[in-house]
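Below is one structure, written out as C-alpha cells; the observations come after it.
In our numbering, the protein residues as written are 25 to 311.
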C-alpha cells in the first residue's frame, strides 16, 4: 500500500513539470519560427553580393523589433459562425420591416374600404327643397313684419266712414310709430272692438269742456279744426264734463262728429294703445 501511495505522489509531481516543459518547448518553437521568418525577410531585402549585408540585416532586424505591433494590429477575420449570425440578424430585421410595411398597407386598404362602404346621404326631392326654402323666406318675412308692426308702424284698411271726408271707407293707411304724438295728429289706435282711426284733440293734463250747443273747448279755448259738423257729447252715457285728461293718455274724436264712439264715450286712450301717426293714405276708389 505504501508503494502505491508513493507512486501516486510521484505521478502528481511529475505531471505539472511535464506541462511546464511542453509550454516552454512550444514558446521556443514559436520564437524560432518568428526568427526564421524575420531572417528570411531580411535576406530578401539585403542581397548577398553587398559587402555590408551584415549591417543591413542588423538594421532590418532592429526595425522589425521596433514595429512588433504591425502584425498584431491586423484585424482578424470573423469566424464563419459570426458571419452566419450577422446574416441571420439582417435577415430577421428585413423580415420584420417587410411585415411592418405589409401591415401598414393592409391598414390603409381597410381604412379606404371603410370610407367607401359609408352610405351617402340621400338628397331631398327638389320640390321639397324648394318648399323648405319658401317656408324659410315666409318665416323671415313674418318675423320682419312682426317687428315692424310692434315697433315701427302699421298698415291698415279702414272699414268705416268715421273719419269722413279726410279718410273714407276702404282707404289704406300707413302709420309710423317712431315719433311723438301731438294735438291734431290722425292716429291708428286700439279699442275693445278693434283698430280705429281718429284725431287727437287734447293730451294728458288738458281740460276738455263740451256743451249742448255744439261747441267744445280745450283749456278754455276753441281749437281750430277743419270739421264740418257740430261737436256734441255722447247721447247714451259717456264721460262727464269738464273732463281732465290723465297723464300719458290722449283725447281722440272722429272727424264725423255725429258718430260718437270715441273718447266722448270711452274716455281718454292710453299711449300704449296707439299704433302710430298716419303718414300715407291710399284711396281705395282711386285705385
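Just so it is clear, CB atoms sit at the ideal spot from N, CA and C, and this is done for glycine as well.
8 Å contact criterion, which residue i and residue j should meet: CB distance rounded
i: residue 197; j: residue 302; result: 5 Å
i: residue 272; j: residue 204; result: Not confirmed; about 13 Å, so no contact.
i: residue 234; j: residue 265; result: 5 Å
Identity of the residue in the options nearest residue i by Cα
i: residue 217; options: 278, 285, 117 and 208; result: 285
i: residue 278; options: 295, 199, 222 and 122; result: 222
i: residue 183; options: 193, 177, 201 and 245; result: 193
i: residue 261; options: 202, 219, 299 and 291; result: 291
i: residue 250; options: 236, 237, 209 and 304; result: 209
i: residue 270; options: 295, 281 and 258; result: 295
i: residue 276; options: 211, 257, 238 and 244; result: 211
i: residue 188; options: 287, 298, 282 and 299; result: 282
i: residue 11; options: 297, 237, 280 and 154; result: One cannot answer for residue 11 here, as it falls past the ends of the chain, which runs 25 to 311.
i: residue 180; options: 151, 202, 213 and 153; result: 213
Residue i, DSSP secondary structure in three states
i: residue 158; result: helix
i: residue 97; result: Any answer about residue 97 is weak, because its pLDDT of 39 lies below 50 and its placement is not dependable; what the coordinates show is given next. Residue state, collapsed to three classes: coil.
i: residue 295; result: helix
i: residue 228; result: coil
i: residue 265; result: coil
i: residue 281; result: coil
i: residue 182; result: coil
i: residue 307; result: coil
i: residue 218; result: strand
i: residue 175; result: helix
i: residue 204; result: coil
i: residue 37; result: Because residue 37 carries a pLDDT of 45, less than 50, the predicted location of this residue cannot be relied on, and the following value inherits that uncertainty. Here residue 37 sits in helix by DSSP.
Start-to-end residues for the alpha helix (DSSP H) that takes in residue i
i: residue 289; result: 287-290
Host beta strand (DSSP E) of residue i (start-end)
i: residue 212; result: 210-215
i: residue 277; result: 273-277
i: residue 196; result: 196-200
i: residue 231; result: 231-234
i: residue 251; result: Unbroken run through residue 251: none, as it is neither H nor E.
i: residue 240; result: 240-242
Residue i to residue j span [Cα, whole Å]
i: residue 165; j: residue 158; result: 11 Å
i: residue 254; j: residue 232; result: 15 Å
i: residue 191; j: residue 185; result: 7 Å
i: residue 119; j: residue 125; result: 10 Å
i: residue 240; j: residue 167; result: 44 Å
i: residue 306; j: residue 199; result: 12 Å
i: residue 289; j: residue 215; result: 12 Å
i: residue 247; j: residue 263; result: 20 Å
i: residue 178; j: residue 299; result: 7 Å
i: residue 160; j: residue 169; result: 14 Å
i: residue 267; j: residue 287; result: 11 Å
i: residue 24; j: residue 146; result: The question about residue 24 has no answer, for the chain in this structure spans 25 to 311.
Short CB-CB distance (under 8 Å) between residue i and chain D
i: residue 269; result: Protein chains in the displayed structure number just one, and chain D is not present.
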